[in-house]
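Take the sequence shown: its letters are residues 21 to 199, numbered as in the numbering used here. The beta-carbon is built from N, C-alpha and C at its ideal position, and this holds for glycine as well. Note that the structure is predicted; figures quoted are calculated from it, not measured. Okay, structure first, notes after.
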Amino acid sequence: LETLPRYCISQMCPGDRRHTGFGDGWFSQPFPLCMTFLALRGNRDAAWYLQEIGYTRPRTVEQIALLGLRPERFADPRPPAWCPSQAFLDIGYAALRDGFNQKAAFLAFKCGPPTREIGHNHYDHNSFQIYYNGTWIATDPGYTGYFDPPDNKYGRCTFGHNTITLNVDDDYLANMNFP
């Protein structure tokens, strides 16, 4: 929980404020409940994140129970004073960004760790996403097509995740099995 605000903020897209989606994480807002607990305990970065993603007005049962319909209970939200480019070596995610403004250049990168299970490791190591000047240039489609072999191969292998695949030949492309 100590690094969660830095992680959530660094992985937040500058324009639409969604969380970068690698693999089956897609663009959901994965951490608002934990960030709510942190904001209620005085964490200003968590409060700012919740404000940015529009999570300060209670809409769910969990939020109503925590906030009692009083978002003023959050710590005083302020933009972070730290550099928004961050690397999280323990989980293998990194983000390079040019500030917090909505048109900031943004690169998110999944880079390991290849020797440990983090969640349920997929075949998308070294994938990246790029957002610039209000537009997604490179994004990750997530895992799709579980029941359609060509879509499944695309969605679960490196092809569908902005990674580089070496030694691709006709046999590999024709084979609907994947490593």
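DSSP-derived helix/strand/coil call for residue i
i	result
Gln106	strand
Arg38	coil
Phe57	helix
Thr23	coil
Ala66	helix
Asn195	coil
Pro97	coil
Ile184	coil
Pro78	coil
Asp168	coil
Straight-line gap, residue i to residue j (C-alpha atoms, nearest Å)
i	j	result
Gly112	Gln83	31 Å
Gln71	Asp189	49 Å
Pro169	Met196	6 Å
Leu21	Thr178	31 Å
Thr76	Pro97	11 Å
Ala95	Leu186	49 Å
Gly41	Pro78	25 Å
Ala9	Ser147	No answer is possible for residue 9: the residues shown for the chain start at 21 and end at 199.
Asn63	Ala158	32 Å
Arg61	Trp102	20 Å
His39	Asp171	24 Å
Glu92	Ala66	14 Å
Ala194	Lys123	41 Å
Phe126	Pro25	18 Å
Met32	Tyr192	35 Å
Cβ pair residue i, residue j closer than 8 Å
i	j	result
Gly154	Gly74	no
Leu160	His181	Sequence inspection shows Asp at residue 160; the Leu mentioned does not correspond to that position. Contact flag set, yes.
Tyr27	Phe108	yes
Ile29	Pro133	no
DSSP bridge partner residues for residue i (one or two, in chain order)
i	result
Arg117	Phe126
Phe148	Phe129
Met32	His39
Ala158	Ile150
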